[in-house]
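Undergrad: One gets the working numbering by counting positions in the sequence shown from 1 and adding 179 to each.
Note that CB positions come from ideal geometry on N, CA and C, so glycine has one too.
These numbers were taken from a predicted model, which means no experiment stands behind them.
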Amino acid sequence: NLKKNLPLILEQDYPDFEVVIVNDASDDETIFYLEDLEKKYNHLKVVNIKQDLNFFSGKKFPLALGIKSSKNNYLLLTDADCTPASPSWIRKIASNFNDKKEVALGYGKYKSEEGFLNKIIRFETVSTAIQYFSFALMGMPYMGVGRNLAYKKSLFYKSKGFISHYNVSSGDDDLFINKVADNVNTQIEINPESFTISAAKQTFNEWWIQKKRHLSTGKYYKTKHKFLLGSYSLSLFIVFLLFIMLLCINYQLWIIVSALVFRELSQLIIFKKSFKKLNEKKILLISPIIEVILILLYPLLFISNLFIRQNKWK
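Put into structure tokens, the structure is as follows:
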């Protein structure tokens, strides 16, 4: 990941920037590769963490050290497995900052590959992005993704960083944004040149574990966000539950089918523009099928999080 992506970040088309990479107790040859790169790029800074120094589960402690070590006030965060979509990635994200705007929410898309699981992951990712971008545009930002997220360092210090949720393994992105973002200080960036691209999980089990980790942070959101997001998820479940119930009681089939078709066509029309902007047009037509699958899977994910202990962060 580093050999592929780090040079693309270091060679971004931006006049003055520093790249801080946190080497969190790697046990391979990462440290030697980074030392070689430091000799080549003056604007690269490497923060090395020994195994016994990260007292917390997750990446919040390493990330906080990286932020503390940085010299600039504007922070653009990503992961080692993320590829900038263009040499203008930094420029596009940075253009959102001004005296009032302290947070910029970017889009971290997944690479299109063969297989139905890949389509599920991409649909779930783009539909989640539509939600958090839409909420931000309505003045209610509630999350961002660590694959492509920017904010001012001064905001990080003013809000005491991750202290309020250090006990949660995940949440360095969504819980922090849920705490600090508001209707004044937040901007979104959806220019395709500002995207990052990652490889999606290759097996269902890997994706399941990842989703469990992501969903585990939702209970720490602000109450209004939990209510709105919960209401939306519940409405999706109720629509399809009613459809099944009406079929079971032999209600007039043409009315049931017409209502469902109207609902799906309306959603496709709404999704079409958003999917186009986020470069995911290829999964538009199959999205109703994927949505039904996710509606069935999400309750199982929530139940699994309630009764099965989460694996330790790797």
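1. If Thr262 and Leu187 are in contact, beta carbons under 8 Å, what's the gap, nearest whole angstrom?
2. Verify whether the separation of the beta carbon atoms of Tyr286 and Ala273 is less than 8 Å.
3. Which of the three DSSP states is assigned to Leu426 in this structure?
4. Output needed for Phe383: all residues of its chain with C-beta closer than 8 Å, excluding positions within five of it in sequence on either side, in chain order.
5. What is the C-beta distance between Ser338 and Val359, in whole angstroms, given that I count them as a contact (C-beta under 8 Å)?
6. For Lys224 and Glu217, I'd like the C-alpha separation in whole angstroms.
7. Using 8 Å as the Cβ pair cut-off and three pairs as the minimum, do the region 415-424 and the region 467-474 touch?
8. What does the Cβ neighbour count give for Glu293, buried or exposed, with the cut at 16 atoms within 10 Å?
9. Using the Cβ count rule (16 or more neighbours within 10 Å means buried), how would you classify Trp433?
10. To the nearest angstrom, report how far apart Leu189 and Lys182 are at their CA atoms.
11. I'd like the list of long-range same chain contacts for Arg326, defined as Cβ closer than 7 Å, with 5 residues on each side in sequence excluded.
12. How long is the line joining the alpha carbons of Pro371 and Asp215, rounded to whole angstroms?
13. Can you pull the DSSP bridge partners for Thr209?
14. Quick one: grab the DSSP three-state call for Pro263.
15. Classify Ile245 as helix, strand or coil using the three-state DSSP reduction.
16. Given a cut-off of 8 Å, decide if Leu255 and Val201 are closer than it, judged by their beta-carbon atoms.
17. Could you compute how far the alpha carbon of Ser349 sits from the alpha carbon of Ile449?
18. Please name the residue or residues paired with Asn221 in a DSSP beta bridge.
19. Can you tell me whether Ile369 is helix, strand or coil according to DSSP?
20. Please classify Gly397: does DSSP put it in a helix, a strand, or coil?
21. What are the boundary residues of the beta strand (DSSP E) that Ala329 is part of?
22. Along the alpha helix (DSSP H) that carries Ile188, what are the first and last residues, could you check?
23. Which residue marks the beginning of the alpha helix (DSSP H) containing Asp353, and which one marks its end?
24. Based on Cα-Cα distance, which residue from Phe481, Lys452 and Gln446 lies nearest to Glu470?
25. Using the three-state DSSP reduction, which class does Leu476 fall into: helix, strand or coil?
26. Where does Phe211 land, buried or exposed, given buried means 16+ other C-beta within 10 angstroms?
27. Per DSSP, which residues does Val201 bridge with? Please list them.
28. Any idea what DSSP makes of Lys455, helix, strand or coil?
29. Where do the ends of the alpha helix (DSSP H) carrying Ala283 lie?
30. Are Lys461 and Ser291 closer than 8 Å when you measure CB to CB?
TA: Reading off the structure:
1. Sequence index remark: in the sequence shown, residue 262 carries index 83 (1-based). Sequence index remark: in the sequence shown, residue 187 carries index 8 (1-based). With a Cβ gap of about 6 Å, Thr262 and Leu187 count as contacting.
2. Numbered from its first residue, the sequence shown carries residue 286 at position 107. Numbered from its first residue, the sequence shown carries residue 273 at position 94. No, the pair does not count as a contact, with Cβ atoms beyond the cut-off.
3. Locating residue 426 in the sequence shown gives position 247, where the first residue counts as 1. Reduced to three states, the DSSP call for Leu426 is helix.
4. In the sequence shown, counting from the first residue as 1, residue 383 sits at position 204. Leu296, listed in sequence order.
5. Within the sequence shown, residue 338 is the residue found at index 159, counting from 1. Within the sequence shown, residue 359 is the residue found at index 180, counting from 1. About 5 Å separates the beta carbons of Ser338 and Val359, which is inside the 8 Å limit, making them a contact pair.
6. Taking the sequence shown and counting its residues from 1, the one referred to as residue 224 is at position 45. Taking the sequence shown and counting its residues from 1, the one referred to as residue 217 is at position 38. Roughly 7 Å between the two C-alpha positions.
7. yes
8. Translated into positions along the sequence shown, residue 293 becomes position 114. Classification for Glu293: exposed.
9. Against the sequence shown, residue 433 aligns to sequence position 254. When all chains shown are included, Trp433 counts as exposed.
10. Against the sequence shown, residue 189 aligns to sequence position 10. Against the sequence shown, residue 182 aligns to sequence position 3. Spanning the two alpha carbons is a distance of roughly 11 Å.
11. As a first step, residue 326 is located in the sequence shown; it is residue number 147 there, counting from the start. Result list for Arg326: Thr257, Asp258, Cys261, Gly287, Thr375 and Ser377, in chain order.
12. The sequence position of residue 371 within the sequence shown is 192, counting from 1. The sequence position of residue 215 within the sequence shown is 36, counting from 1. The alpha-carbon atoms of Pro371 and Asp215 are separated by roughly 32 Å.
13. Taking the sequence shown and counting its residues from 1, one reaches residue 209 at position 30. In the DSSP assignment, Thr209 forms no beta bridge with any residue.
14. In the sequence shown, residue 263 corresponds to position 84, counting from 1. Residue state, collapsed to three classes: strand.
15. In the sequence shown, residue 245 corresponds to position 66, counting from 1. Contrary to the premise, residue 245 reads as Gly rather than Ile in this sequence. Of the three classes helix, strand and coil, the one that applies to Gly245 here is helix, per DSSP.
16. As a working note, residue 201 is residue 22 in the sequence shown. As a working note, residue 255 is residue 76 in the sequence shown. For Val201 and Leu255, no; Cβs fall outside 8 Å.
17. As a position in the sequence shown, residue 349 is number 170, starting the count at 1. As a position in the sequence shown, residue 449 is number 270, starting the count at 1. The alpha-carbon atoms of Ser349 and Ile449 are separated by roughly 31 Å.
18. Counting from 1 along the sequence shown, the entry for residue 221 is found at position 42. Partner(s): none; Asn221 has no beta bridge.
19. Indexing the sequence shown from 1 puts residue 369 at position 190. Residue state, collapsed to three classes: coil.
20. Working through the sequence shown from its first residue, we reach residue 397 at position 218. Gly397: helix per DSSP, three-state reduction.
21. If you number the sequence shown from 1, residue 329 lands on position 150. It spans Leu328 to Lys331 - the beta strand (DSSP E) in which Ala329 sits, taken as one unbroken run.
22. The residue given as residue 188 occupies position 9 in the sequence shown. Looking at the DSSP string, the run of the alpha helix (DSSP H) that includes Ile188 is Leu181 to Leu189.
23. Along the sequence shown, one-based indexing puts residue 353 at 174. Counting along the chain, the alpha helix (DSSP H) containing Asp353 begins and ends at Asp353 to Val359.
24. Reading the sequence shown from its first residue, position 291 is the one you call residue 470. Comparing Cα-Cα distances from Glu470 to each of Phe481, Lys452 and Gln446, the minimum goes to Gln446.
25. Looking up residue 476 in the sequence shown gives position 297. Correct three-state label for Leu476: helix.
26. As a first step, residue 211 is located in the sequence shown; it is residue number 32 there, counting from the start. Exposed, by the Cβ-count rule.
27. If you number the sequence shown from 1, residue 201 lands on position 22. Answer by DSSP bridge pairing, in chain order: Val226.
28. In the sequence shown, counting from the first residue as 1, residue 455 sits at position 276. Residue state, collapsed to three classes: helix.
29. Translated into the one-based positions of the sequence shown, residue 283 becomes position 104. Going by DSSP, Ala283 is part of no alpha helix (DSSP H) but of the beta strand (DSSP E) stretching over Val282 to Leu284.
30. Here the question's residue 461 lines up with position 282 in the sequence shown. Here the question's residue 291 lines up with position 112 in the sequence shown. Yes, they are a contact pair.
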